[in-house]
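Residue 55 is where the sequence shown starts when you use my numbering, and the numbers rise one by one after that. The C-beta atom is built at its ideal place from N, Cα and C for all residues, glycine as well. Single-structure report; data block below.
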Amino acid sequence: MTAHTKAEIILEVKDVQLTYERPVLRDINFCIRNIVRPGFSQGQVVTLIGRSGIGKTQLFRIMSGLQTPTAGQVLIHGNQPVKAGDMGVIFQNYYLFEWRTVYQSLLLAAKKNKHLFGVEKQTIEQYAEQFQLSGHLHLYPQQLSGGQRQRVSIMQQLLKGSNFILLDEPFSGLDVCMLDKAVELILQVSLSDELKTLIIVSHDIETSVAISDTVFILGTEPGKAGATIKKEIDLIERDLAWQKGIKQEKRFLETIEEIKGCL
Ligand SMILES: Nc1ncnc2c1ncn2[C@@H]1O[C@H](COP(=O)(O)OP(=O)(O)OP(=O)(O)O)[C@@H](O)[C@H]1O
Ligand SMILES: [Mg+2]
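Following this line, the structure appears as structure tokens:
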């Protein structure tokens with residue numbers, strides 16, 4: 055197993071329930087710990103898997119403080135209830151302000167981050183270069199490709215400076231080349247800060263599991279209404295985390311089959 059320690063809890067979901075006309079989520083309890091890897095400044099990448107309609111987006115909304123659960127709470131930064139704006143959320147359709155240029159949107163995000171006071175412009179330019187968007191800063195979102203919109207969306211959340219970034223279906227609608235780029239980008243973000251925590255929801259199980267350290271499976275149990283966390287898989291313990299080319303390994307494929315069997 056790769057050397058690491060699991061340090062303090064950085065996010066805790068406690069007894070979360072969500073009920074509309076019927077229960078959607080019940081007894082959701084899990085936590086994410088700061089994983090410390092000697093010699094690396096590396097954040098956490100967590101994948102949340104579940105069938106369509108099971109409640110992943112609802113759980114995302116609750117985790118990001120955008121929605122209040124029927125019961126329970128989400129705690130971050132050592133026991134503080136999460137509130138809207140604490141987490142960066144990258145929605146499936148890469149929602150951007152259509153009436154602002156890329157630069158204007160990014161500047162708005164950067165101004166929310168007090169650590170960037172006075173260096174907003176330089177930071178945006180630096181990120182744009184890194185994300186291959188230097189030539190696109192003064193365009194409007196409708197003038198961008200899907201992959202470019204995604205990168206702007208990710209940059210926006212990075213500039214805001216939040217340590218938690220939730221990504222809903224970050225790989226959908228990307229061609230093979232762009233998929234590799236998106237994966238690279240996500241890894242790059244996760245390596246940028248030890249406390250940076252990415253939580254991914256994706257139907258592309260192979261791609262998201264290959265870059266994660268932990269998998270949570272959201273599903274239903276016989277005789278009980280509403281979805282809950284059915285299983286947690288520690289990929290570090292299985293020696294499946296942080297390894298290039300892991301997708302081709304037999305033991306990785308076995309874990310994928312195990313996950314599919316739980317859905
Ligand atoms: N405002 C609402 N009122 C009632 N039910 C809702 C509401 N919003 C969502 N739901 C229900 O909650 C359940 C979970 O929806 P959610 O969008 O979280 O699914 P999901 O797992 O993200 O699915 P997908 O993978 O297709 O995106 C669905 O059955 C949906 O009908
Ligand atoms: Mg969804």
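Beta-carbon gap between residue i and residue j smaller than 8 Å
| i | j | result |
| --- | --- | --- |
| isoleucine 219 | leucine 102 | no |
| glutamate 286 | glycine 97 | no |
| leucine 193 | valine 156 | yes |
| isoleucine 63 | arginine 87 | yes |
| leucine 245 | serine 95 | yes |
| lysine 165 | glutamate 174 | yes |
| threonine 251 | leucine 129 | no |
Alpha carbon of residue i to alpha carbon of residue j, nearest angstrom
| i | j | result |
| --- | --- | --- |
| glutamate 75 | arginine 105 | 20 Å |
| threonine 56 | methionine 141 | 29 Å |
| arginine 91 | aspartate 267 | 12 Å |
| isoleucine 368 | glycine 172 | The shown model of the chain, from 55 to 317, leaves out residue 368, and the question about it has no answer. |
| leucine 213 | alanine 163 | 6 Å |
| isoleucine 310 | threonine 111 | 22 Å |
| serine 199 | proline 77 | 38 Å |
| isoleucine 108 | serine 226 | 18 Å |
| asparagine 167 | aspartate 69 | 31 Å |
| glutamine 1 | leucine 113 | There is simply no residue 1 to check, as the chain begins at 55 and stops at 317 in what is shown. |
| isoleucine 208 | glycine 280 | 31 Å |
| histidine 169 | threonine 177 | 11 Å |
Cβ-based burial, residue i [other Cβ within 10 Å; buried from 16]
| i | result |
| --- | --- |
| asparagine 83 | exposed |
| valine 29 | Residue numbering for the chain in the displayed model covers 55 to 317; residue 29 lies beyond these limits and cannot be assessed. |
| phenylalanine 151 | exposed |
| histidine 190 | buried |
| proline 195 | buried |
| arginine 80 | buried |
| tryptophan 296 | buried |
| aspartate 229 | exposed |
| glutamine 302 | exposed |
| asparagine 217 | buried |
| proline 7 | With the chain represented from 55 up to 317, any question about residue 7 goes unanswered, as that position is not in the structure. |
| alanine 182 | buried |
| proline 224 | buried |
Span of the beta strand (DSSP E) around residue i
| i | result |
| --- | --- |
| aspartate 69 | 59–73 |
| lysine 235 | No beta strand (DSSP E) contains lysine 235, which is instead part of the alpha helix (DSSP H) from 230–244. |
| threonine 251 | 251–255 |
| lysine 284 | 282–288 |
| glutamine 127 | 125–130 |
| threonine 56 | That residue, threonine 56, is in no beta strand (DSSP E); it is neither H nor E in DSSP. |
| glycine 142 | 142–144 |
Limits of the unbroken alpha helix (DSSP H) element including residue i
| i | result |
| --- | --- |
| alanine 182 | 174–184 |
| phenylalanine 114 | 110–117 |
| glycine 200 | 200–214 |
| threonine 274 | It is not in any alpha helix (DSSP H) - threonine 274 carries neither H nor E in the DSSP assignment. |
Anticipated Cβ contact below 8 Å, residue i with residue j, distance rounded
| i | j | result |
| --- | --- | --- |
| alanine 125 | glutamine 210 | The Cβ separation is near 32 Å, so there is no contact. |
| threonine 261 | valine 243 | In fact, because the Cβ distance is near 15 Å, the residues do not count as touching under 8 Å. |
| phenylalanine 306 | leucine 317 | Phenylalanine 306 to leucine 317, Cβ: 17 Å. No contact. |
| isoleucine 265 | lysine 314 | Incorrect: roughly 18 Å between the Cβ atoms, too far for contact. |
| glutamine 146 | aspartate 222 | 5 Å |
| glycine 273 | lysine 284 | 4 Å |
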